[in-house]
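Counting along the sequence shown from 1, when you hit position 172 you're at 161 in this note's numbering, and nothing is skipped either side. Comments concern the structure below.
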Amino acid sequence: MTALNELTIAEARDRLAARDITSVELTEACLTAIEDAGELGAFVHTAPETAREQARAADGAAERGALAGIPLGVKDLFCTRGVASQAGSRILEGFRPEYESTVTARLWASGAVMLGKLNMDEFAMGSSTESSVYGPTVNPWGGGDRTAGGSSGGSAAAVAAGLCLGATGTDTGGSIRQPAAFTGITGLKPTYGRCSRWGIVAFASSLDQAGPMARDVRDCAILLGAMSGHDPRDSTSADIPVPDFEAALTGDVRGKTIGVPREYRIDDMPEEIDRLWSEGRRMLEEAGARVVDVSLPHTKYALPAYYVIAPAEASSNLARYDGVRFGRRAELAQGDGIVEMYEKTRAEGFGAEVRRRVMVGTYVLSAGFYDAYYNRARKVRTLIRHDFEAVFADGVDAILTPTTPSAAFPLGAFAKADPVQMYLQDIFTVPVNLAGLPGISVPVGQDDSGLPLGLQLIGRPFGEGDLLDTAYALERQAGFVARPDRWW
-10 MTALNELTIA
0 EARDRLAARD
10 ITSVELTEAC
20 LTAIEDAGEL
30 GAFVHTAPET
40 AREQARAADG
50 AAERGALAGI
60 PLGVKDLFCT
70 RGVASQAGSR
80 ILEGFRPEYE
90 STVTARLWAS
100 GAVMLGKLNM
110 DEFAMGSSTE
120 SSVYGPTVNP
130 WGGGDRTAGG
140 SSGGSAAAVA
150 AGLCLGATGT
160 DTGGSIRQPA
170 AFTGITGLKP
180 TYGRCSRWGI
190 VAFASSLDQA
200 GPMARDVRDC
210 AILLGAMSGH
220 DPRDSTSADI
230 PVPDFEAALT
240 GDVRGKTIGV
250 PREYRIDDMP
260 EEIDRLWSEG
270 RRMLEEAGAR
280 VVDVSLPHTK
290 YALPAYYVIA
300 PAEASSNLAR
310 YDGVRFGRRA
320 ELAQGDGIVE
330 MYEKTRAEGF
340 GAEVRRRVMV
350 GTYVLSAGFY
360 DAYYNRARKV
370 RTLIRHDFEA
380 VFADGVDAIL
390 TPTTPSAAFP
400 LGAFAKADPV
410 QMYLQDIFTV
420 PVNLAGLPGI
430 SVPVGQDDSG
440 LPLGLQLIGR
450 PFGEGDLLDT
460 AYALERQAGF
470 VARPDRWW
């Protein structure tokens, strides 16, 4: 019989509603699993008393919300009232917000239970969860030497290992979809503006978007319904209705057209990724979809444009961390003034990758380089968005691509030796963020060594219901049910 902490959200919801199990039992199973999984480095702050209190409340509630009694993990980028929220950085050491992010507030209002905070790359800048002040997250797959991806690596590892039933993530250039693919789970990056960014520590404000990470497509649909909605406190939040995403899951893709972009077939693409992509195409055709080749001609410029725009916005957003009002403040020598305080606090508070991106961002925004780099990157971004618009205007309902250029790579493979190789891990995911589109990674197969591999589906703006339905069809065709062998 499936252990309680390994249930899907939908399974747990049904058993809770039938009074077959209680939220307290479910929560205790997850808390025990967390205690036994310290080697993974997934949870960095736990909130057991809060979790037990919320679980008891869920069990005693007369009216049950959509997520009543479901234990979740929260990426450390979300501010949670009274619980440490460090964004994986030393500079926010000791910060305990007096407020709750909109997304997490909505989850708790729907009856969900907060188990604690999950590891991540510092300020979400990374693709391996190795830049975290807490240390790296280890992938449950691969026996202990593989990355869980990033920046939402802690969320991905926790869901894959059965430490929580679902988790929140954020995606700026692939930070939900890439770790989901690496750990054999499902991760959805919604349309920019679908979920409020209020109370989420900012990396790149025009790219960041919160989304769900769970074991399957249905669970992502359930979570997204609770996370979404207009928020007047976020000027980029879309004032549009939130549909019933779970009700959209029919799995019927007959009559739909799926596009396969030629430009995503990169040089030196591993044979196993190419084979998986072809297999995904075949699966959707067998399900009744029409699959056609399409062109996204400006794809090759997406990664360089992203690594101008994202650092530029990061350098602006991170200027607020100066040791004055909150977080860490460096010890000062006699005679040091405010400039020395800024310099010392930021030098010791920010890690190497954050410092690198702040310097790049400051450079591209500086006088004499603004037009040459930042404005040019913004123009490329517009062209990339127009490419997607043209494809969808031609009748394509979704676009199928690989999620990542490889399976989970070894810890330490790129983090220090070659940051550019790390940046290339985002090659298939970044265009979606630049265009503001929804994208989902679905586990479809495994490589020759047994590591999971995912495929990405890209949808129309605010078409998450239709995208989830297509992903549901792909999921059912693939039949991926593998789970990592327990070594931790």
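Ideal Cβ placement from N, Cα and C applies to all residues, glycine included. Keep in mind the model is a prediction, meaning the values are calculated, not measured.
Would you grab the beta carbon distance between residue i and residue j for me? Rounded to a whole angstrom, and I think it's under 8 Å.
| i | j | result |
| --- | --- | --- |
| GLY188 | TYR88 | 6 Å |
| VAL431 | VAL206 | 7 Å |
| PRO427 | GLU453 | 5 Å |
| PHE32 | ALA147 | 6 Å |
| LEU389 | ILE247 | 5 Å |
| ARG79 | GLY338 | 5 Å |
| SER226 | GLY158 | About 18 Å separates the two Cβ atoms, so there is no contact after all. |
Leaving out five residues on either side along the sequence, give the residues of the same chain with a beta carbon under 7 Å from the beta carbon of residue i.
| i | result |
| --- | --- |
| TYR352 | PHE358 |
| VAL297 | VAL353, TYR362, TYR363, ALA366 |
By the three-class DSSP mapping on this structure, what secondary structure does residue i have?
| i | result |
| --- | --- |
| LYS245 | coil |
| LEU29 | helix |
| THR175 | strand |
| PHE315 | coil |
| PRO399 | strand |
| LEU444 | strand |
| ILE388 | strand |
| LEU457 | helix |
| ASP415 | helix |
| ILE189 | strand |
| VAL501 | Only positions -10 to 477 of the chain appear in the structure, and residue 501 is not among them; the question remains open. |
| THR93 | helix |
| ARG271 | helix |
| ALA424 | helix |
| GLY83 | coil |
| THR288 | helix |
| PRO408 | helix |
| PHE358 | coil |
| PRO125 | coil |
| VAL72 | strand |
| ALA169 | helix |
| PHE67 | strand |
| ALA322 | coil |
| ALA(-8) | coil |
| GLY200 | strand |
What residue does the beta strand (DSSP E) around residue i start on, and which one ends it?
| i | result |
| --- | --- |
| GLN435 | 428 to 435 |
| ASP205 | No beta strand (DSSP E) holds ASP205; DSSP gives it neither H nor E. |
| LYS64 | 60 to 64 |
| ARG279 | 279 to 283 |
| LYS106 | 102 to 107 |
Please list the terminal residues of the continuous alpha helix (DSSP H) segment that includes residue i.
| i | result |
| --- | --- |
| GLY158 | Note, GLY158: premise wrong, no alpha helix (DSSP H); beta strand (DSSP E) at 155 to 159. |
| LYS368 | 365 to 382 |
| ASP3 | -2 to 6 |
| VAL470 | No alpha helix (DSSP H) holds VAL470; DSSP gives it neither H nor E. |
| GLY148 | Residue identity differs from the one stated: residue 148 is Val in this sequence, not Gly. Note, VAL148: alpha helix (DSSP H), 142 to 149. |
| TYR296 | 291 to 306 |
| THR136 | Here THR136 belongs to no alpha helix (DSSP H), and DSSP marks it neither H nor E. |
| THR16 | 12 to 24 |
| GLU329 | 327 to 338 |
| THR39 | 37 to 49 |
With a threshold of 6 Å on Cβ separation, who are the neighbours of residue i within its own chain once the five nearest residues in sequence on each side are excluded?
| i | result |
| --- | --- |
| HIS287 | LEU372, ILE373, ASP376 |
| SER120 | ASP110, GLU111, GLY340, GLU342 |
| TYR461 | VAL206, LEU238, GLY240 |
| CYS487 | With the chain covering only -10 through 477, there is no way to say anything about residue 487. |
| MET411 | SER116, PHE403 |
| ASP106 | Looking at the sequence shown, residue 106 is not Asp but Lys. Cβ neighbours of LYS106 beyond the five flanking positions: VAL33, HIS34, VAL63, ASP65. |
| TYR290 | VAL369 |
| LEU285 | PRO250, GLU252, ASP376 |
| VAL242 | ALA276, GLY277, ALA278, THR459, ALA462 |
| ARG314 | none |
| ALA57 | ALA47, GLY100 |
| GLY54 | SER99, GLY100 |
Ignore the nearest five residues each way along the sequence and tell me which others in residue i's own chain have a CB closer than 8 Å to its CB.
| i | result |
| --- | --- |
| LEU(-4) | ARG4, LEU15, LEU154 |
| PRO450 | THR180, GLY425, LEU426, PRO427 |
| ASP223 | THR91, SER185, ARG186, TRP187 |
| ARG45 | SER12, VAL13 |
Could you say if the region 89 to 107 and the region 353 to 361 meet the contact criterion of at least three C-beta pairs nearer than 8 Å? Result no; under three Cβ-Cβ pairs closer than 8 Å.
Evaluate contact between the region 297 to 309 and the region 177 to 196, counting only Cβ atoms and requiring at least three cross-stretch pairs below 8 Å. Touching, per the Cβ criterion.
Taking contact to mean 3 or more Cβ pairs, one atom from each stretch, closer than 8 Å, check whether the region 395 to 415 and the region 274 to 289 are in contact. With a cut-off of 8 Å, the region 274 to 289 and the region 395 to 415 do not count as touching, because too few Cβ pairs lie within range.
Three Cβ pairs or more, each shorter than 8 Å: is that satisfied between the region 256 to 271 and the region 219 to 235? Note that the region 256 to 271 does not touch the region 219 to 235; fewer than 3 beta-carbon pairs, one per stretch, sit closer than 8 Å.
Measuring CB atoms only, is the region 24 to 31 touching the region 74 to 89, in the sense that at least three cross pairs come out at less than 8 Å? No, the region 24 to 31 is not in contact with the region 74 to 89.
Three Cβ pairs or more, each shorter than 8 Å: is that satisfied between the region 317 to 335 and the region 246 to 259? No, the region 317 to 335 does not touch the region 246 to 259.
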